[in-house]
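Here the structure is laid out as structure tokens; the discussion comes afterwards.
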Amino acid sequence: MTTNDQKSGAQMVMEAFLREGVSTIFGVPGGANLPLYDVLPEYYPQIKHYLVKHEQSAAHAADAYARVTGKAGVCFGTSGPGATNLVTGIANAYMDSIPLVCVTGQVILALLGRDGFQEADIQGITIPITKHSELVLDVNDIPRVMQEAFHIATTGRPGPVLVDIPRDVFQKKGDFYWSDKVELRGYRVQTMPDPNEVAKAAELIERSEKPVLISGHGVIIAHAYDEIRELAEKGNMPVITTLLGIGGFPGTHPLYMGMPGMHGMYWNNIAISEADLVIGAGMRFDDRVTGRLKDFAPKADIIHIDIDPAEIGKNVRPAATLLGDAKISLQELNKLVVRKERPDWFSWLDEVRRDHPSITIRETDEVLPQFVIQKIYEATNGDCYVVTGVGQHQMWAAQYFWYDKPRSFITSGGLGTMGFEVPAAMGAQVAAPNDTVWSICGDGGFQMTLQELATIAEYEWPIKFAIMNNGTLGMVRQWQELFYEENTVATPLKNPDFVKLAEAFGILGLRAERKGEVESVIQQAMDHDGPVVIDFKVKYDENVFPMVPPGASLGETIDLPAHEPEKVAAG
1 MTTNDQKSGA
11 QMVMEAFLRE
21 GVSTIFGVPG
31 GANLPLYDVL
41 PEYYPQIKHY
51 LVKHEQSAAH
61 AADAYARVTG
71 KAGVCFGTSG
81 PGATNLVTGI
91 ANAYMDSIPL
101 VCVTGQVILA
111 LLGRDGFQEA
121 DIQGITIPIT
131 KHSELVLDVN
141 DIPRVMQEAF
151 HIATTGRPGP
161 VLVDIPRDVF
171 QKKGDFYWSD
181 KVELRGYRVQ
191 TMPDPNEVAK
201 AAELIERSEK
211 PVLISGHGVI
221 IAHAYDEIRE
231 LAEKGNMPVI
241 TTLLGIGGFP
251 GTHPLYMGMP
261 GMHGMYWNNI
271 AISEADLVIG
281 AGMRFDDRVT
291 GRLKDFAPKA
301 DIIHIDIDPA
311 EIGKNVRPAA
321 TLLGDAKISL
331 QELNKLVVRK
341 ERPDWFSWLD
351 EVRRDHPSIT
361 IRETDEVLPQ
371 FVIQKIYEAT
381 NGDCYVVTGV
391 GQHQMWAAQY
401 FWYDKPRSFI
411 TSGGLGTMGF
421 EVPAAMGAQV
431 AAPNDTVWSI
441 CGDGGFQMTL
451 QELATIAEYE
461 WPIKFAIMNN
471 GTLGMVRQWQ
481 ELFYEENTVA
491 TPLKNPDFVK
501 LAEAFGILGL
511 RAERKGEVES
521 VIQQAMDHDG
531 PVVIDFKVKY
541 DENVFPMVPP
551 GASLGETIDL
561 PAHEPEKVAA
571 G
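Numbering-wise (the numbering used here), the sequence shown opens with residue 1 and increments by one.
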């Protein structure tokens with residue numbers, strides 16, 4: 001255990017950051033956390049703070065920073081509304097297993113529980129959406145609490161941790177202690193899978209004639225890219241990635257088949273329905289992947305590889321369970337797997353893909369969002385980070401862009417948070433300052449956090465925003481059209497002039513209203529060394545297909561072209 005001279009509580013927080021390798025903080029100051037900001041200059045430039053325009057953006061930026069770097073993201077908020085503004089971002093990180101450490105200021109000790117100005121029980125509020133949340137009442141506890149916060153956030157299944165500190169605790173002084181090892185009673189992480197279960201899994205793979213390997217976000221978290229590829233190639237198995245698993249397996253690999261589920265490829269959903277073995281690695285079999293759960297993979301045995309024991313058996317009953325770190329589990333499994341030729345299975349898959357070309361872009365003079373995303377892919381050669389919000393544009397970005405680089409697709413999965421696309425692009429750009437970041441945006445979601453254009457202009461981050469401007473909440477409109485008798489009430493948007501809006505922030509604004517303009521504005525954005533906002537005027541009523549209707553099974557996937565919605569409604 002190491003100790004230094006006496007420090008204030010605020011200095012202790014910053015010293016803990018130094019020891020944990022933190023270099024980046026996103027936040028907003030306020031009365032209760034001003035002591036933190038008072039000591040920030042002492043730790044610059046080792047630790048840089050980025051002032052955002054809303055605390056939700058601080059959490060989303062820290063979230064995306066963590067997704068790109070694999071390190072814990074850090075954000076600050078003050079008490080009351082400052083802390084509650086973080087909640088959506090914390091919940092987003094919790095659902096997607098993202099390591100965050102959120103430090104909030106709180107009213108002074110004497111006012112706790114007395115409804116003082118800007119008091120909110122943020123510890124209680126965040127209990128269901130954090131791995132751990134703690135209110136610190138003694139300055140001498142800060143080093144221990146901070147060290148435990150990073151340990152909990154980054155080990156096992158990652159997630160957010162909130163540390164709430166009253167203003168006067170920040171200001172008090174105490175001895176700074178730093179332990180050589182974190183020991184938490186009751187907190188144990190199993191990393192090594194049961195050898196008997198590994199052997200059972202290898203035997204199931206050997207027996208299988210029609211296997212499907214589903215690679216999830218846990219593969220990316222565990223840096224198990226080489227191991228998942230080795231398993232696929234050694235076992236000669238087709239690979240599907242979940243939405244958050246995109247990038248964990250090379251998108252241009254011959255064994256890669258895309259995404260399954262609600263808007264996954266038709267052939268993947270049918271393959272899962274016909275498979276005799278499904279291997280889920282680092283994924284939780286959530287409803288967007290499985291469709292109607294009782295009919296998921298009806299002919300298949302399930303092998304589940306996951307580090308979180310709470311996920312095992314929660315949605316599907318596995319025939320073999322590899323409970324442990326995905327990288328270690330795959331390494332152990334790969335030792336036992338032998339190559340097996342499956343000509344009939346691959347021949348059948350090729351036939352389904354030929355008969356159901358789910359992501360073919362039809363010829364039309366209109367500007368289709370799919371076409372725009374395809375052209376961004378061609379302009380970048382796939383060598384960039386893509387950040388999305390939630391909705392139709394998110395699904396098209398998953399379908400029409402091929403991700404070979406791990407951690408290059410940044411999106412909100414479990415919580416489905418509109419507005420994620422703008423602040424998350426900031427976090428991605430800070431994490432990868434020398435790389436190109438494209439933010440694929442919905443016109444609805446973009447307006448939820450567009451105030452961060454001021455932040456982007458201030459720090460001169462060269463993010464390229466591609467707004468799919470269809471004048472509507474596209475995914476909601478699609479559901480209303482297909483399942484609510486075309487009652488599109490409250491869906492149309494009266495959008496601002498996005499080009500003028502960008503210019504108001506001192507950012508280059510471009511527009512493409514015709515198909516022939518798409519490639520040129522993308523290239524203009526690529527050639528510009530600062531941030532760019534592009535307003536793509538895309539087709540209003542374009543729908544995302546394939547689609548599994550709500551309550552349907554994967555075997556009932558609709559694979560109609562998006563210009564025939566009447567057949568979907570009738571079917």
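Think of the CB as a built atom: it goes at the ideal place given N, C-alpha and C, for glycine as much as any other residue.
Roughly how many whole angstroms lie between the Cα atoms of residue i and residue j?
{"i": "K314", "j": "E486", "result": "36 Å"}
{"i": "L482", "j": "E542", "result": "12 Å"}
{"i": "V161", "j": "E332", "result": "31 Å"}
{"i": "I129", "j": "I98", "result": "12 Å"}
{"i": "P357", "j": "Q399", "result": "12 Å"}
{"i": "F401", "j": "P260", "result": "15 Å"}
{"i": "V28", "j": "L255", "result": "46 Å"}
{"i": "I463", "j": "F505", "result": "14 Å"}
{"i": "E197", "j": "M257", "result": "27 Å"}
{"i": "G474", "j": "A58", "result": "27 Å"}
{"i": "H304", "j": "Y43", "result": "44 Å"}
{"i": "V74", "j": "E460", "result": "21 Å"}
{"i": "A64", "j": "G427", "result": "5 Å"}
{"i": "A72", "j": "S23", "result": "10 Å"}
{"i": "I373", "j": "N381", "result": "12 Å"}
{"i": "L330", "j": "P195", "result": "12 Å"}
{"i": "K181", "j": "A397", "result": "42 Å"}
{"i": "L501", "j": "I90", "result": "29 Å"}
{"i": "G324", "j": "K515", "result": "49 Å"}
From the DSSP output, read off the bridge partner residues of residue i.
{"i": "L510", "result": "I534"}
{"i": "G27", "result": "L51 and F76"}
{"i": "E556", "result": "Per DSSP, none; premise fails for E556."}
{"i": "P211", "result": "L277"}
{"i": "K7", "result": "G174"}
{"i": "F498", "result": "Looking at the DSSP assignment, F498 forms no beta bridge with any residue, so it has no partner."}
{"i": "Q106", "result": "P166"}
{"i": "E134", "result": "V163"}
{"i": "Y256", "result": "V239"}
{"i": "W438", "result": "V386 and K464"}
{"i": "F409", "result": "V386"}
{"i": "A320", "result": "I303"}
Just verifying my parser: in three-state terms, what is the DSSP assignment at residue i?
{"i": "P99", "result": "coil"}
{"i": "D350", "result": "helix"}
{"i": "Q374", "result": "helix"}
{"i": "M262", "result": "coil"}
{"i": "F483", "result": "helix"}
{"i": "V189", "result": "coil"}
{"i": "R305", "result": "Here residue 305 is Ile; the residue named in the question, Arg, does not match the sequence. Reduced to three states, the DSSP call for I305 is strand."}
{"i": "M547", "result": "strand"}
{"i": "T380", "result": "helix"}
{"i": "L231", "result": "helix"}
{"i": "N469", "result": "strand"}
{"i": "V568", "result": "A caution first: V568 carries a pLDDT of 38, below 50, which makes its placement in the model unreliable, though a value can still be read off. Of the three classes helix, strand and coil, the one that applies to V568 here is helix, per DSSP."}
{"i": "L244", "result": "coil"}
{"i": "P357", "result": "coil"}
{"i": "P81", "result": "helix"}
Identify, in the order they occur along the chain, each residue of the same chain with its Cβ nearer than 6 Å to the Cβ of residue i, setting aside the five sequence neighbours on each side.
{"i": "L336", "result": "A202"}
{"i": "G413", "result": "D96, L243 and L244"}
{"i": "K131", "result": "I152, G159 and V161"}
{"i": "A300", "result": "A275, D276, L277 and V278"}
{"i": "Q118", "result": "S79 and G80"}
{"i": "T557", "result": "Y266, N269, P546 and V548"}
{"i": "G391", "result": "G442, G474 and M475"}
{"i": "G30", "result": "T78 and G82"}
{"i": "T321", "result": "E197, H304 and I312"}
For residue i, collect the residues of the same chain with a Cβ closer than 8 Å to its Cβ; drop the 5 residues on either side in sequence, then sort them by chain order.
{"i": "G70", "result": "I221, H223 and R407"}
{"i": "K375", "result": "V518, E519 and I522"}
{"i": "Q171", "result": "S8, G9, A10 and P35"}
{"i": "R229", "result": "F249, P250 and H253"}
{"i": "Y377", "result": "Y400, F401 and W402"}
{"i": "D38", "result": "A10"}
Excluding sequence positions up to five away, which residues of its chain have a Cβ less than 7 Å from the Cβ of residue i?
{"i": "D168", "result": "I108 and L109"}
{"i": "F498", "result": "I467, N469, G509, V533 and D535"}
{"i": "A570", "result": "The predicted position of A570 is uncertain, since its pLDDT is 31 and thus under 50; a value taken from the coordinates is nonetheless stated next. Hits under 7 Å: none found."}
What is the C-beta distance between residue i and residue j, in whole angstroms, given that I count them as a contact (C-beta under 8 Å)?
{"i": "G216", "j": "A281", "result": "6 Å"}
{"i": "Y225", "j": "G251", "result": "Not really, about 12 Å apart at Cβ, beyond 8 Å."}
{"i": "G419", "j": "M448", "result": "3 Å"}
{"i": "V386", "j": "W438", "result": "5 Å"}
{"i": "R353", "j": "E209", "result": "In fact, because the Cβ distance is near 19 Å, the residues do not count as touching under 8 Å."}
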